[in-house]
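Residue numbers (the numbering used here), protein chains in the order written: chain A, 312 to 657; chain B, 312 to 657; chain C, 312 to 657; chain D, 312 to 657. Built from N, CA and C at the ideal position, the CB exists for glycine as well.
There are 4 protein chains.
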Amino acid sequence: MALRVGIVGVTGYVGEELVRILCHHPEVSEITAASKDFAGTALDRVYPHLRGHAEIEIMGMEDLGELIGRSDVVFLALPHRVSAPVAQQVIEKGKKVIDLAADFRLPEQKVYEEWYQVEHGAPALLKEAVYGLPELFREEIKGKRLVANPGCYPTSALLALAPLLKKRLVDRSSVIIDSKSGVSGAGRSLKLGSLFAECNENMKAYGLGTHRHTPEITHYAGVLAGEAVDIIFTPHLMPVSRGIISTVYAKLSSNLDSCSLRQIYQDFYADEEFVHVALEGEMPETKWVVGTNRCFLGAVVNREMAVVVSVIDNLVKGAAGQAVQNMNLLFELPENTGLQQLGLYP
Amino acid sequence: MALRVGIVGVTGYVGEELVRILCHHPEVSEITAASKDFAGTALDRVYPHLRGHAEIEIMGMEDLGELIGRSDVVFLALPHRVSAPVAQQVIEKGKKVIDLAADFRLPEQKVYEEWYQVEHGAPALLKEAVYGLPELFREEIKGKRLVANPGCYPTSALLALAPLLKKRLVDRSSVIIDSKSGVSGAGRSLKLGSLFAECNENMKAYGLGTHRHTPEITHYAGVLAGEAVDIIFTPHLMPVSRGIISTVYAKLSSNLDSCSLRQIYQDFYADEEFVHVALEGEMPETKWVVGTNRCFLGAVVNREMAVVVSVIDNLVKGAAGQAVQNMNLLFELPENTGLQQLGLYP
Amino acid sequence: MALRVGIVGVTGYVGEELVRILCHHPEVSEITAASKDFAGTALDRVYPHLRGHAEIEIMGMEDLGELIGRSDVVFLALPHRVSAPVAQQVIEKGKKVIDLAADFRLPEQKVYEEWYQVEHGAPALLKEAVYGLPELFREEIKGKRLVANPGCYPTSALLALAPLLKKRLVDRSSVIIDSKSGVSGAGRSLKLGSLFAECNENMKAYGLGTHRHTPEITHYAGVLAGEAVDIIFTPHLMPVSRGIISTVYAKLSSNLDSCSLRQIYQDFYADEEFVHVALEGEMPETKWVVGTNRCFLGAVVNREMAVVVSVIDNLVKGAAGQAVQNMNLLFELPENTGLQQLGLYP
Amino acid sequence: MALRVGIVGVTGYVGEELVRILCHHPEVSEITAASKDFAGTALDRVYPHLRGHAEIEIMGMEDLGELIGRSDVVFLALPHRVSAPVAQQVIEKGKKVIDLAADFRLPEQKVYEEWYQVEHGAPALLKEAVYGLPELFREEIKGKRLVANPGCYPTSALLALAPLLKKRLVDRSSVIIDSKSGVSGAGRSLKLGSLFAECNENMKAYGLGTHRHTPEITHYAGVLAGEAVDIIFTPHLMPVSRGIISTVYAKLSSNLDSCSLRQIYQDFYADEEFVHVALEGEMPETKWVVGTNRCFLGAVVNREMAVVVSVIDNLVKGAAGQAVQNMNLLFELPENTGLQQLGLYP
C-alpha cells in the first residue's frame, strides 16, 4: 500500500509523535503537514531530532484544502472545538479522518457542550464517529471514515476496567480511578503550570470532579458494562515527560483471589499484541512502555477490592500510536504495522 | 532550656534531617550522634552542606552508653528490629527516647511480628509506647518517655482521614488510600530500585496489599473511628527527592457538599499550626510543604465520595520534623519551637 | 532596627525569594510589595507555601509612590530596562535601592546599550551605582544608595576567579568559564524553552559568545586583575530547578600544585562566612548550597591549568540572598543577618 | 546474512542496550547472552520492557564456552580487567570480539596499568586491537577481529576535536574538554553516588585530572593531530538518565569566523550518516540524539577560540550503538544497518 497521510497540528507534541511513527511506517508513502504556527518552515527546524528522517515543509492552515487533497487519511492534532469543522471538511472531500481531539468522543452533543463549554463544531457528524479504542471496539472501527481517538487517561482507565465491567465482576456504584500523568499531556503550549520550575520536584492533584475526561470514561465504562457505571476520577501531575499510571479500584461482587483475577486479565487480553498482563510478582512501571504503543496491566485483589494498575505512554498508546493503530484498522493493514518499536531503558 | 540530644543512625537521610532541624533549635544545647558507618568521621565530611552549622564527630555504635549518658533525649533513626533494644537501653538509663523506626508503632507484638517477619526486640516496652502524631494524640504523648514516631505514609493518611473518622462521616468498609512518595523515603541504603536511572522518568506502584504501613494506618484509623476500619493502601514511587501526596477516598454516609466538607476540615484543624486546609479553588501540591513540618489538606465531594488530598515532606512531618515536635511536647516546649522554617519555591 | 522594605516585582521567582528571606529577617519590620500582575491579590494566593509566613497584599505598579514612601529600602526584581526608571524614582524620594536587574551593573552606558539593545532608562545614575558583590567590593558598597546586584553567572564566576586575578596567578588572555544553570534562572515568564517537557532529560549550551552576562564578567574580572581579561563564557541549561555550577579554566603563569592552589583560596576567603573552599578530596556539588547564600569553591591544578569549580544557588547568592547581604551592608547590620538558613539534603 | 551474536554482561545497561538494538537488527539471526547475575532467568524478567521482543535465557559465566561456540561475534559488556581474558577466549576460538570495556583502548600496557591500577588481562592481544570509532578510523577497523569500543566521553570529545586536529587549526598546548554526563554512564551497579536522591536536583564535577578517559582522549587526539596534544578533561554528573554534552575549547591558530568553522565541520562530516553539524542558529541538545546512534556538533568562534559542542547518547553512540556500527563494519554490512531508530521528543 502507498498511503498518503495528512497531519493537521503537526508542531504540537502529538503531531510530532505522529510524524515519528508515520515516517517509518512501511505502508505510508507521503506525509503532508500543517500547523497554525511555523507555516513555511521545515519541520526539522522545529524538531531537529527529525532531521534526515522526515523532510516536511509545514503548510499553513489556509492550505488545508491542498493537504486534504493530497491525503488518503488526515490526522487532526488540534485543540478541541477547532477540530470538528476541519473533520467535516475532510469528510466532505471523501477522505478518512482520525481526530485526536475530544470533539467526537462523546456521542451526545449536549454532554460535550456542557463539559467543554463550547458549541459543537460539527454536530451532524457525531452519529457516524466511532470511538477508536481497538482492543475494545475493534469491529465497530473497521470500515468507518471518522474515528474519535480516545483521550490518554480514558485509554489507560478503560483498558484496566474492561475485563471487570464486561464480565460483571464488580459493583458499578463506585469505581475509583486515580491517575498520574507526565507533563507532556498538557501539550506544548505556554502555561504557567507546565514550566519546569513549577513541575519539577512537585506532585499535585488537579481537576477533581471536573476533568473533561470524566464523562468520556463514564460513558464507555457504561458501554462496556451494559449499564451505568459511577466513576470517580482523580488525575495527578507528576514530574516525568511521558507516561500515565492509573490505579483503578472497584469492589468485587464475587469472591476472587489475585491469581484468578490475573488469569481473567490474561484470558481477556490473550490475543492482544499491545496489552500485556504483568506476570506474578511484577507490577507495571511506566518505563516499560514509554516510547511504545503498549499497555501493561497488573491486577491484584486487596480486601475484596480489585486493584488494577495500568501504564501507557500518553503520547503513543494514549494518542499518536493508537491513532496509527486505528489507521491500520481503517485500511485493513495488520494492526501492529509501524508500531513495533521498543522503548528505551533506562 | 538546654536540652542535650542524642541521635543514633545519624548518617541516613532521617538522621541528617534531625541534625538540620536540631542544630538550629533554640532550646538544644548539644547534639551527640552515632552511626554504624563513618564512626570517627566529622559529620560535615559525610554531609558537607552541614559545615559551619553542625560540628559533630560521629561516634560508633559501641559508644552508645556514652551517647545516652550525655543526652536528655535520644532519637533513633535506625532500621526496624535494630531499634527496639537500643530504645530499651535508653529507657533503662532513665532517658527519653523517640523512635523513628517501626518497632513501637503497632501495639500488638503479634501483628508486628507477622508484618515485619522478625521477633520483636523489646516487647515489654510496647505497653508504654505512645504513637507520636501530635495533632491526633497530643494529650497521650505528654509526659511519656517512649514515643513511636509515625511512618511517613501513615502521617499523611491519618491527618487526611481523622476528621472523617472521628466525626463518623464515612462508611468504614472500604477506605482507599492512594499514596505517591518521593525516593528519599527508601533511605540512603544501596538498592537497585533507588538508583537514579531506575527511578527517573518512571512511575510505579509497589507493595500492593503488603506494604508494612498498612497495619499501622488500619490500627490508628480504627482508634480514631472507635471501631474497625477497612483500609486499602497503595503506595507508588515517583521521581522526586522529597514529598508524599496521598489521595484518600471514602464513601460519605451523609449528604455533604465540597464547601461543607472543607469547613469541617477547617474547624477540625483550626488550632493546628502545622496542618493547613487549602482554600477554595486550591488543591495542595508537595512543593508547598517540602522542607517544612506542614501538612496541607484539600477536601472535595465527588459523587457522594469524600476525596481528600494530603501533602507532607516525608522527611520532615513524615519523620524528623514530627520527631522534634514530639520532643517539644515531651519537654513542655511550645510545639513549634525550631520548626518554623519556610520551604523553598521553586 | 526596624527596617521597612519594599519589593517591586514580587511575583517572579526572585521577588518571592526576597520575601522568603526577608519575612524571617530579624531587623525587618515591614514588607510592602508590588507587581504588574496579581495586584490586589494576597501573595499567599500566588505562593501558598508563604501562608502564615508573609501576609502581604500585592500592590499595583501604579502604587509605587506609596510603596516607596513606606520603605527605607526598595528591592527591584524587574526586567532590565524596566528597572532603571523605578530606581530613579526611589532615589529621588531619598530611599535606598537594590536593583536585581542588569541596568546598573555595567558602568558604561554604551556597553549596556549594545548588549541589551535598549536605551538606558536612567543613565545619570550610572556613576553612583556600586556593584554589590560584597566579598570582592565590600568597602565600596558601604554608604551607597544604589546597589547593582550582580547577575547569577557573574557571581559564581567572579568568586572563582578573584584569587587568581587579584594575585596575578594566571594568563589573562584566555580565561574560560563553562557554566551550567538550573531553569529557575530563566524566571517565571512563559517561554517555550522553560517548559518541563523541553528541559527535562535534556542538556544544552546557549548564548555562546552572546550571553549578556559576558560583558559583566569581563568588566569586573578586569577590575580585579587591574587590567583587561579575555573571557570566554559558555552557559548551559540543565534540568534542575536551582543551582549554578561554573567550571573555570585559566592558564597558570607560575608553577603551583593543587595543594598550594587550594591554600591560596583558603587564605583569600578565610574571613568570609559565605564562601567555603572544599577540603582536600572534596569537589563542590550544587546540593551543598541550594537554599543558602553560600558559595563552595574547589580548586585544582591540571597540566599547568587552574581548574576552579564554583557552586551557588542562583536565586540566593546569585540574586535575593546577595541582595539582602547588600542591604545588611547598607544599613550596617552584621552581613549574615537573616542569611544563615541551612539548605535541604537530599 | 544470519549473524549469531553473543553478549557477555547482558544485564547491565550497556548489555541491555545491545539487546535492544540487536533484537531488531535485520542481519542478526540469534542472540545468546550471559551474565554473572541472573543466570537461568529469562531476560524479560529482568527487563520486562523487552518482553515479546527478545526471548533470551541468561546463561552463567561458566557457560561462556557454549556462548562463544554459538556466536560469530561476541560483545563484551563487562567491567575493565574482567573483559580481557574473555576476549582472549573468544579470539582463541576464532570468533570476533567487540569489547566495550577499557581493556584494549589504550595501546600501551603500561599506560593502561597506571591509570586503571590493575595488571592487564591479555597484553599479547593489545597489538591487534583496533580503536572502534568508525568515523575517524574506519579503514583500520575493517577486517579486524578485536575491536576496542571507545569510551562514551572520548567518543563525544574526539568527534568534536577531529576536524580541528586533523586540519591543524588549533594550538595543541591546551585543549579543554568540559563534559556533562547522565547517570546511566555509571552503570547499574549499586553506588551511593548513583542513588536518585543523591543525583536529582544536583550537579557536580568529578575526577578532575584523574578520570580514566583522559589518557584515551589524549592518545587518540594525538593520533588525529599527528603529534602530542595536551588535554584538560573535566567530567560532570547531571540529573538525566542518558546523554553527554561535551563543550570543547581550543585556541585557533588561524583567523576563522563561526561561519567558516561551521563549514569546515560540515565538509569534514559530509559523508557521515551519524554525525550532524547543527545549522546556523542552532546549538545541539542532548534530547536530539537520545535513543539514537547520532552525534550532533555545533561549532562557533568566540574571541579566537573554537568552541565546539557535541552531544551523544552515552549508551548508544557512546557504547552499544557504536559497537553495532563496528559489527556492521567487521561483517561488511552497510554501516547503518539496524541503527536508524529515531529518538523520542519530548
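*Which of the three DSSP states, helix, strand or coil, is assigned to C:L476?*
Your numbering for residue 476 of chain C matches position 165 in the third sequence. Of the three classes helix, strand and coil, the one that applies to C:L476 here is helix, per DSSP.
*Mark B:M638 as exposed unless 16 or more other C-beta atoms lie within 10 angstroms of its C-beta, in which case mark it buried.*
Indexing the second sequence from 1 puts residue 638 of chain B at position 327. It counts as buried.
*Compile a chain-ordered list of the residues in the region 531-555 of chain D whose CB is closer than 8 angstroms to at least one CB of chain A.*
S552, R553
_Using 8 angstroms as the cut-off, can you tell me whether the region 405-423 of chain B makes contact with the region 345-356 of chain B, which would need three or more C-beta pairs spanning the two stretches below that distance?_
no
*Taking Cβ to Cβ, would you say D:E368 is nearer than 8 angstroms to A:Y656?*
Here residue 368 of chain D refers to the residue found at position 57 when the fourth sequence is read from its first residue. Here residue 656 of chain A refers to the residue found at position 345 when the first sequence is read from its first residue. For D:E368 and A:Y656, no; Cβs fall outside 8 angstroms.
_The beta strand (DSSP E) enclosing C:H587, as first and last residue numbers_ = For this step, residue 587 of chain C is matched to residue 276 along the third sequence. Taken as a continuous stretch (DSSP letters only), the beta strand (DSSP E) holding C:H587 covers 586-588.
*is_contact[C:K598, chain B] using C-beta, thresh 8 angstroms*: In the third sequence, counting from the first residue as 1, residue 598 of chain C sits at position 287. Yes, C:K598 counts as interfacial toward chain B.
*Please list, in chain order, all residues of the same chain as B:V481 whose beta carbon is under 8 angstroms from its beta carbon, the five residues on each side excluded.*
Along the second sequence, read from residue 1 onward, the residue named residue 481 of chain B stands at position 170. Cβ within range, chain order: L475, A561, K562, L563, S564, A617.
*Under three-state DSSP, which class holds B:T343?*
On the second sequence, position 32 is the one that residue 343 of chain B refers to. Reduced to three states, the DSSP call for B:T343 is strand.
*Return the CA-CA distance between C:G443 and D:E591, expressed in angstroms with no decimal places.*
As a first step, residue 443 of chain C is located in the third sequence; it is residue number 132 there, counting from the start. As a first step, residue 591 of chain D is located in the fourth sequence; it is residue number 280 there, counting from the start. Their backbone Cα atoms lie some 37 angstroms apart in a straight line.
*Top-ranked residue by Cα proximity to A:E584, from A:I543, A:Q652, A:S571, A:V612*: Along the first sequence, one-based indexing puts residue 584 of chain A at 273. The option with the nearest alpha carbon to A:E584 is A:Q652.
*In angstroms with no decimal places, state the Cα-to-Cα distance between D:A388 and D:Y427.*
Within the fourth sequence, numbered from 1, the residue matching residue 388 of chain D stands at position 77. Within the fourth sequence, numbered from 1, the residue matching residue 427 of chain D stands at position 116. Cα to Cα, the separation comes out at about 17 angstroms.
*Output the distance between the C-alpha atoms of B:L329 and C:T343, rounded to the nearest integer angstrom.*
Counting from 1 along the second sequence, the entry for residue 329 of chain B is found at position 18. Counting from 1 along the third sequence, the entry for residue 343 of chain C is found at position 32. Whole-angstrom Cα-Cα distance: 35 angstroms.
*From the DSSP output, read off the bridge partner residues of A:V458.*
Along the first sequence, one-based indexing puts residue 458 of chain A at 147. DSSP, once it has assigned bridges, lists A:I409, A:V441 as partnering A:V458.
*Closest Cα partner of A:V408 within the set A:V458, A:G602, A:G371*: As a position in the first sequence, residue 408 of chain A is number 97, starting the count at 1. For A:V408, the nearest C-alpha among the options comes from A:V458.
*asked:* Only counting the same chain, and skipping five residues up and downstream in sequence, which positions put a Cβ closer than 8 angstroms to that of D:E451?
replied: Numbered from its first residue, the fourth sequence carries residue 451 of chain D at position 140. Only V441, Y442 meet the Cβ criterion.
*Grouping DSSP H, G and I as helix and E and B as strand, with all else coil, what is B:A516?*
If you number the second sequence from 1, residue 516 of chain B lands on position 205. Note: B:A516 maps to strand in three-state DSSP.
*Reference A:K455, options A:I402, A:T545, A:I543, closest by Cα*: Against the first sequence, residue 455 of chain A aligns to sequence position 144. It is A:I402.
*Is any beta-carbon of chain D found at less than 8 angstroms from that of A:P337?*
As a position in the first sequence, residue 337 of chain A is number 26, starting the count at 1. Not one chain D Cβ lies under 8 angstroms of A:P337.
_Using the three-state DSSP reduction, which class does A:R573 fall into: helix, strand or coil?_
Residue 573 of chain A sits at position 262 when you count from the first residue of the first sequence. It is helical.
*asked:* Please identify the residue among B:R614, B:V612, B:S500, B:P595 whose C-alpha is closest to the C-alpha of B:R605.
replied: Start at 1 with the first residue of the second sequence, and residue 605 of chain B comes out as number 294. B:R605 has its Cα closest to that of B:P595, out of B:R614, B:V612, B:S500, B:P595.
*Kindly indicate if chain D contains any beta-carbon less than 8 angstroms away from that of C:N625.*
Looking up residue 625 of chain C in the third sequence gives position 314. It does not; no Cβ of chain D falls within 8 angstroms.
*In the region 315-349 of chain B, which residues sit with their C-beta less than 8 angstroms from some C-beta in chain C, listed in chain order?*
Y324, E327, R331, C334, H335
_contact_flag[the region 492-506 of chain C, the region 501-509 of chain A] where n(CB pairs < 8 angstroms) is 3 or more_ = yes
*Would you mind working out which of C:P359, C:L314, C:K502 sits nearest C:T322, comparing C-alpha positions?*
Here residue 322 of chain C is taken as the residue at index 11 of the third sequence, counted from 1. That would be C:P359, whose Cα lies nearest to the Cα of C:T322.
*For B:P546, count neighbouring Cβ atoms within 10 angstroms of its own Cβ and tell me buried if that reaches 16, exposed if not.*
Your numbering for residue 546 of chain B matches position 235 in the second sequence. Classification of B:P546: buried, given that the 10 Å Cβ count is 16 or more.
*Check each residue of the region 486-513 of chain C: if its Cβ is closer than 7 angstroms to any Cβ of chain B, include it; give the result in chain order.*
S495, E512
*Checking contacts by CB at 8 angstroms: is B:L655 closer than that to chain C?*
Looking up residue 655 of chain B in the second sequence gives position 344. Yes, its Cβ sits closer than 8 angstroms to a Cβ of chain C.
*asked:* I want to verify the contact list: residues of chain B whose CB lies under 7 angstroms from the CB of C:Y576, in sequence order.
replied: Here residue 576 of chain C refers to the residue found at position 265 of the third sequence. Here the premise fails: no neighbours, minimum Cβ distance about 15 angstroms.
*Starting from D:H547, trace the alpha helix (DSSP H) both ways and give me its first and last residue.*
On the fourth sequence, position 236 is the one that residue 547 of chain D refers to. Taken as a continuous stretch (DSSP letters only), D:H547 belongs to no alpha helix (DSSP H), being part of the beta strand (DSSP E) at 542-548.
*Closer than 9 angstroms by beta-carbon distance: list the chain B residues that pair up with A:Y560, in chain order.*
Locating residue 560 of chain A in the first sequence gives position 249, counting from the first residue. In chain order: S485, I487, D489, I543, T545, Y560.
*What first and last residue would you give for the alpha helix (DSSP H) that runs through B:C510?*
For the purposes of this step, residue 510 of chain B is identified with residue 199 of the second sequence, where counting begins at 1. Where B:C510 is concerned, the enclosing alpha helix (DSSP H) stretches over 507-510.
*Go ahead and pull the three-state DSSP assignment for B:K491.*
Stepping through the second sequence from its first residue, residue 491 of chain B is reached at position 180. Three-state result, B:K491: strand.
*Does A:G602 get closer than 8 angstroms to chain D when you measure Cβ to Cβ?*
Residue mapping note: residue 602 of chain A aligns to position 291 of the first sequence, counting from 1. It does; some Cβ of chain D falls within 8 angstroms.
*How close, in whole Å, do the beta carbons of B:S346 and B:G320 come, if the pair is a contact with beta carbons under 8 angstroms?*
The residue you call residue 346 of chain B lines up with position 35 of the second sequence. The residue you call residue 320 of chain B lines up with position 9 of the second sequence. Right, their Cβ atoms sit about 6 angstroms apart.
*Are the beta-carbon atoms of D:Q400 and D:L375 separated by less than 8 angstroms?*
In the fourth sequence, counting from the first residue as 1, residue 400 of chain D sits at position 89. In the fourth sequence, counting from the first residue as 1, residue 375 of chain D sits at position 64. Taking 8 angstroms as the Cβ cut-off, D:Q400 and D:L375 qualify as a contacting pair.
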